[in-house]
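Colleague: Sharing a structure, written as structure tokens. Questions coming.
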Amino acid sequence: MNFPISRKILDCIKIVPDLAGIYLYYHANGELIYVGKATSLKNRVRSYFIGKKTIRPIEQMLHEIADIKWKTTDSVLEAVILEAVYIKKFQPKYNVLGKDNKSWNYITISNDAYPLVGTLRQHELHQNKKEFRAVFGPYPGLNTREVMKILRRLFYFSTCQKNSLFKTQKLKAIKPCFYYQLGQCLGVCTNEISAREYNKKVIRPLVLFLDGKKQSVIRTFERAMKQASTSQEYEEAGRLRNQLRALNAIQDVALINKDFFSFDMATSTSLGTSQDKPFNFFDLEQKNETKNIRIEGYDISNLGTTGKVGSMVVFNSREPLKSQYRKFKIRTVVGQSDVDCLDEVIRRRLHHTEWPYPNIFLIDGGAPQVNRVVKILQELKIAIPVVGIAKGPERKRNDFYFPSTGSTSLTTSPLGTSGNKERAVVQWVSQNQALLISVRDEAHRFAITFQRSLRKLK
3 MNFPISRKIL DCIKIVPDLA GIYLYYHANG ELIYVGKATS LKNRVRSYFI GKKTIRPIEQ
63 MLHEIADIKW KTTDSVLEAV ILEAVYIKKF QPKYNVLGKD NKSWNYITIS NDAYPLVGTL
123 RQHELHQNKK EFRAVFGPYP GLNTREVMKI LRRLFYFSTC QKNSLFKTQK LKAIKPCFYY
183 QLGQCLGVCT NEISAREYNK KVIRPLVLFL DGKKQSVIRT FERAMKQAST SQEYEEAGRL
243 RNQLRALNAI QDVALINKDF FSFDMATSTS LGTSQDKPFN FFDLEQKNET KNIRIEGYDI
303 SNLGTTGKVG SMVVFNSREP LKSQYRKFKI RTVVGQSDVD CLDEVIRRRL HHTEWPYPNI
363 FLIDGGAPQV NRVVKILQEL KIAIPVVGIA KGPERKRNDF YFPSTGSTSL TTSPLGTSGN
423 KERAVVQWVS QNQALLISVR DEAHRFAITF QRSLRKLK
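The working numbering numbers the first residue of the sequence shown as 3 and each following residue consecutively.
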């Protein structure tokens with residue numbers, strides 16, 4: 003770090019436990035300015051203060067931290083829930099500042115007789131006119147698919163559309179759902195449980211758990227299990243026993259999106275992020291770490307002035323990482339301007355601090371697109387190389403574009419005679435032209451496929 007760390011903070015760092023939980027950063031005036039979750043509180047807190055230079059908003063926050071506190075949890079899932087409770091209650095400055103309002107996740111419980119449990123992003127929540135019985139969140143960096151799997155295994159909530167199903171089929175026998183056959187549905191689909199019992203056995207415990215009151219849920223289940231056993235309702239007692247075991251041994255290793263907790267470290271080691279030492283691709287090659295190179299490719303596709311979309315594909319030096327691909331519907335651009343569309347996509351991507359920064363941005367386009375991306379990165383004080391690829395005048399060759407130089411031959415590029423970092427970038431691009439062209443082509447394919455899928459929905 004470029005500023006002195008107080009003795010109090012250093013002492014805190016030494017005693018932070020190596021457990022899951024949440025960490026809380028406080029200003030000297032006692033205000034909570036940031037709350038985060040971690041699989042290892044010790045490693046996470048240390049990563050802020052011990053290591054290379056971080057990106058600007060984080061460095062600004064570090065200057066304001068006067069005290070660190072933490073709360074341990076039995077699982078990552080409970081850390082996720084507790085973090086959301088604190089964000090909602092205290093609105094910490096740097097949580098609010100760092101969020102992308104349109105990408106934070108919420109868990110919703112509908113107002114039906116048999117409430118449905120679902121997830122929504124914040125912009126979807128605001129657009130949804132339906133009234134909910136309860137809304138929980140926000141949950142930044144949450145793998146919603148995994149959390150729904152875990153919650154279903156814990157609380158057996160139904161995914162059946164009973165409310166509409168029974169209006170059309172009355173009380174006819176209905177084939178049990180998949181989760182009923184797995185023992186993860188109490189029979190909403192087969193009319194084996196009343197709305198009153200469903201709310202008592204499923205929804206109320208789930209609401210308590212999402213409110214951060216796991217111990218209350220455990221006490222409720224323990225009382226119900228003893229009562230069921232006394233009444234010789236052994237099947238019910240067995241179900242509650244299984245739920246208690248699951249609550250005490252939550253398997254949630256896949257709950258948080260892969261690199262959510264490492265974004266600080268990722269940005270500090272990304273290409274050129276540290277201004278003290280320019281990044282060199284060949285350092286990675288010498289250490290046999292070329293597979294760790296992250297390349298992000300971008301393309302814009304539009305149908306006239308409508309149907310504008312953007313794509314982001316991710317490669318390492320060997321293969322595409324398809325689970326990390328992202329699609330963007332253009333929201334703010336009026337008219338036909340690929341440069342403005344790219345501007346929106348890059349800014350939205352950079353809002354996602356839970357995604358690791360790339361070692362290089364690869365743009366399907368020429369000088370206007372490349373220079374716009376460079377301008378955005380300069381505004382945000384982020385130093386990551388940008389390269390563009392566009393078809394030549396006769397559409398028979400690929401021209402590479404570097405910032406402010408226009409189309410350039412890789413062997414005669416003016417960048418090749420400038421600083422060490424620029425020379426390293428040009429040399430690496432020259433040696434990996436085939437890979438970068440593949441990234442560009444994949445970004446183009448992904449954007450076109452997304453646009454076509456949207457057209458089919460109309």
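The beta-carbon is built from N, C-alpha and C at its ideal position, and this holds for glycine as well. Bear in mind that the values here come from a model prediction, so they are computed numbers and not experimental data.
So, with DSSP's three-state summary, where would you put residue 367?
Modeller: Residue 367 falls in the coil class under three-state DSSP.
Colleague: Per the DSSP calculation, residue 157 is bridged to which residue(s)?
Modeller: Answer is none; residue 157 lacks a bridge partner.
Colleague: Give me, in chain order, the residues of the same chain whose beta-carbon lies closer than 7 Å to that of residue 30; leave out the 5 immediate sequence neighbours on both sides.
Modeller: Once the five neighbours on either side are set aside, the close Cβ partners of residue 30 are 68.
Colleague: For residue 209, write down the residues that DSSP places opposite it in a beta bridge.
Modeller: According to DSSP, which records beta bridges pairwise, residue 209 is partnered with nothing at all.
Colleague: Where does residue 184 sit, in a helix, a strand or coil, going by DSSP?
Modeller: Here residue 184 sits in coil by DSSP.
Colleague: Give the straight-line distance between the Cα atoms of residue 126 and residue 17, rounded to the nearest whole angstrom.
Modeller: Going from the Cα of residue 126 to the Cα of residue 17 covers about 41 Å.
Colleague: Check each candidate in 368, 159, 90 and name the one with the smallest Cα separation from residue 340.
Modeller: Among 368, 159, 90, the Cα nearest to that of residue 340 belongs to 368.
Colleague: Could you have a look at residue 327 and say whether DSSP puts it in helix, strand or coil?
Modeller: Of the three classes helix, strand and coil, the one that applies to residue 327 here is coil, per DSSP.
Colleague: Please state the DSSP three-state secondary structure of residue 77.
Modeller: In the structure shown, residue 77 sits in coil (DSSP, three-state: anything other than H, G, I, E or B).
Colleague: Taking Cβ positions, are residue 49 and residue 116 nearer each other than 8 Å?
Modeller: Not closer than 8 Å, so no.
Colleague: For residue 223, tell me which candidate among 236, 215, 234, 207 has the shortest Cα-Cα distance.
Modeller: Answer by Cα proximity: 207.
Colleague: Would you kindly work out how many angstroms separate the C-alpha atoms of residue 84 and residue 179, rounded to a whole number?
Modeller: Roughly 32 Å separates the two Cα atoms.
Colleague: Quick check on this structure: which residue in 218, 70, 88, 335 has the alpha carbon closest to the alpha carbon of residue 10?
Modeller: For the residues 218, 70, 88, 335, the minimum Cα distance to residue 10 belongs to 70.
Colleague: Could you tell me the alpha carbon to alpha carbon distance between residue 346 and residue 32, rounded to whole angstroms?
Modeller: Roughly 37 Å separates the two Cα atoms.
Colleague: Would residue 301 pass as a contact of residue 449 if the rule is Cβ separation under 8 Å?
Modeller: Taking 8 Å as the Cβ cut-off, residue 301 and residue 449 qualify as a contacting pair.
Colleague: Whose C-alpha, out of 218, 146, 140, 120, is nearest the C-alpha of residue 134?
Modeller: Per the Cα distances, 120.
Colleague: Since I believe residue 360 is in contact with residue 386 (beta carbons under 8 Å), could you give me their beta-carbon distance rounded to a whole number of angstroms?
Modeller: About 6 Å separates the two Cβ atoms, so the contact holds.
Colleague: Can you give the Cα-Cα distance for residue 212 and residue 328, rounded to whole angstroms?
Modeller: Near 29 Å, if we compare the C-alpha coordinates of residue 328 and residue 212.
Colleague: Could you compute how far the alpha carbon of residue 240 sits from the alpha carbon of residue 227?
Modeller: If I take the Cα positions, the gap works out to 8 Å.
Colleague: From 316, 331, 333, pick the residue whose C-alpha is nearest to that of residue 325; which is it?
Modeller: For the residues 316, 331, 333, the minimum Cα distance to residue 325 belongs to 316.
Colleague: Distance check for residue 458 and residue 42, CA to CA, integer angstroms please.
Modeller: So the alpha carbons of these two residues sit roughly 45 Å apart.
Colleague: Reducing DSSP to helix, strand and coil, say where residue 309 ends up.
Modeller: Correct three-state label for residue 309: strand.
Colleague: From residue 401 to residue 375, what distance separates their C-alpha atoms?
Modeller: C-alpha separation (whole angstroms): 18 Å.
Colleague: Give the single residue among 313, 295, 220, 137 whose Cα lies nearest to the Cα of residue 90.
Modeller: The option with the nearest alpha carbon to residue 90 is 137.
Colleague: Take the Cβ of residue 351 as the centre, count every other Cβ of all protein chains shown within 10 Å, and call the residue buried at 16 or more, exposed below.
Modeller: By the 10 Å Cβ count, residue 351 comes out buried.
Colleague: Provide the residue span of the alpha helix (DSSP H) that contains residue 45, from first to last.
Modeller: Unbroken alpha helix (DSSP H) run through residue 45: 43-51.
Colleague: Just to confirm the assignment, what range does the alpha helix (DSSP H) spanning residue 244 have?
Modeller: Run containing residue 244: 236-249, per the alpha helix (DSSP H) assignment.
Colleague: Could you give the first and the last residue of the continuous alpha helix (DSSP H) run that contains residue 222?
Modeller: That run of the alpha helix (DSSP H) goes 216-232.
Colleague: I'd like to confirm the pairing. Which residues does DSSP put opposite residue 317 in its beta bridges?
Modeller: DSSP lists 297, 322 as partners of residue 317.
Colleague: Name the one or two DSSP bridge partners that residue 122 has.
Modeller: Paired residues: 108.
Colleague: Any Cβ of chain D within less than 8 Å of the Cβ of residue 199?
Modeller: No chain D is present in this structure, which holds just one protein chain.
Colleague: Applying the 10 Å Cβ sphere with the 16-neighbour rule, what's the burial state of residue 356?
Modeller: With 16 or more Cβ atoms within 10 Å of its Cβ, residue 356 is classed as buried.
Colleague: Would you check if the distance between the CB atom of residue 37 and the CB atom of residue 108 is smaller than 8 Å?
Modeller: In this structure, residue 108 does not lie closer than 8 Å to residue 37 by Cβ.
Colleague: I need the DSSP call for residue 430, collapsed to helix, strand or coil.
Modeller: If DSSP states are grouped into helix, strand and coil, residue 430 belongs with the helices.
Colleague: For residue 47 versus residue 7, is the C-beta spacing smaller than 8 Å?
Modeller: No, they are not a contact pair.
Colleague: Could you tell me the distance, in whole angstroms, from the CA atom of residue 424 to the CA atom of residue 118?
Modeller: Approximately 55 Å between the Cα atoms of the pair.
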